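Trainee:
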Amino acid sequence: MDKPTIKAWQAVKRIFRYLRGTADYGLLYQAKGEGFLKGYSDADYAGDVTTRRSRTGVVCMCAGGAVLWHSQKQRSVALSTTEAEYVAASEAAKDMMWLMTLFAEVTEVKQKPILFVDNMGAVKLSKNPEFHKRSKHIDVRFHFVREKYNEGKIDIQHIDSENQKADILTKALPKTRFQNLRQQLGIVSEHMNC
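For the sequence shown, this note's numbering begins at 105 and goes up steadily by one.
(1) Roughly how many angstroms lie between the CA atoms of residue 107 and residue 117, to the nearest whole one?
(2) I'd like to know whether the C-beta atoms of residue 293 and residue 128 end up nearer to each other than 7 Å.
(3) Tell me the rounded alpha-carbon separation between residue 206 and residue 111.
(4) For residue 226, report the span of its alpha helix (DSSP H) as first-last.
(5) What did DSSP end up calling residue 143 once you bin it into helix, strand or coil?
(6) Could you give the distance in angstroms between the alpha-carbon of residue 179 and the alpha-carbon of residue 195?
(7) Roughly how many angstroms lie between the CA atoms of residue 188 and residue 267, to the nearest whole one?
(8) With DSSP as the reference, identify every bridge partner of residue 176, one or two as the case may be.
(9) Can you tell which of 255, 167, 197, 114 has the C-alpha that lies nearest to the C-alpha of residue 160?
(10) Contact check, residue 290 vs residue 169 under 8 Å by CB: the rounded distance?
(11) What is the DSSP secondary structure of residue 129, reduced to helix, strand or coil?
(12) In the DSSP assignment, find the unbroken alpha helix (DSSP H) run with residue 194 in it and report its ends.
(13) Once DSSP output is grouped into helix, strand and coil, what is the label at residue 110?
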């Protein structure tokens, strides 16, 4: 930062305070937790005020903790919330298929992974093999999630927004919601009694 504004400097100080306050935090996995893969995808529709592109958030969970996560700006402008969520679901499906291949190399995979999406339109679009007038413009590469669902390699379920773990990766959240989701991801203090 060459010439930081007061607002930028305050943000940097806030980040460092957060890092100092959470230095003893880490990922906790539970041996008796659910051993199968769960994925969560979310998008903020047109969240970038300059480009109007949406942000994708993906979290993959196993044994009670996050094993893969990322947040990235989508490559193109989505024309609806459903499209932004569908693009995010496709990214999550790709990550989940990669993890399933990795898991299959070290253990027997017994359960089909589940992808949780908080947009009913995106869930329906993922499960419907037909193309519709309102979705025909969606780039072919984003139909990966639909293909994996139709092949029976992934299940897709709706989840309410309050329980959408990937929400933490797409937008700023109130403190209590952030802390709740952080804990749901398996990120806890080593001093917590678990």
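No residue lacks a Cβ here, since even glycine has one placed at the ideal position from N, Cα and C.
Since we're looking at a predicted model, the values are computed, not measured.
Mentor: Per the coordinate set shown:
(1) 15 Å
(2) yes
(3) 43 Å
(4) 224-231
(5) strand
(6) 11 Å
(7) 19 Å
(8) 160
(9) 197
(10) 3 Å
(11) strand
(12) 185-210
(13) helix
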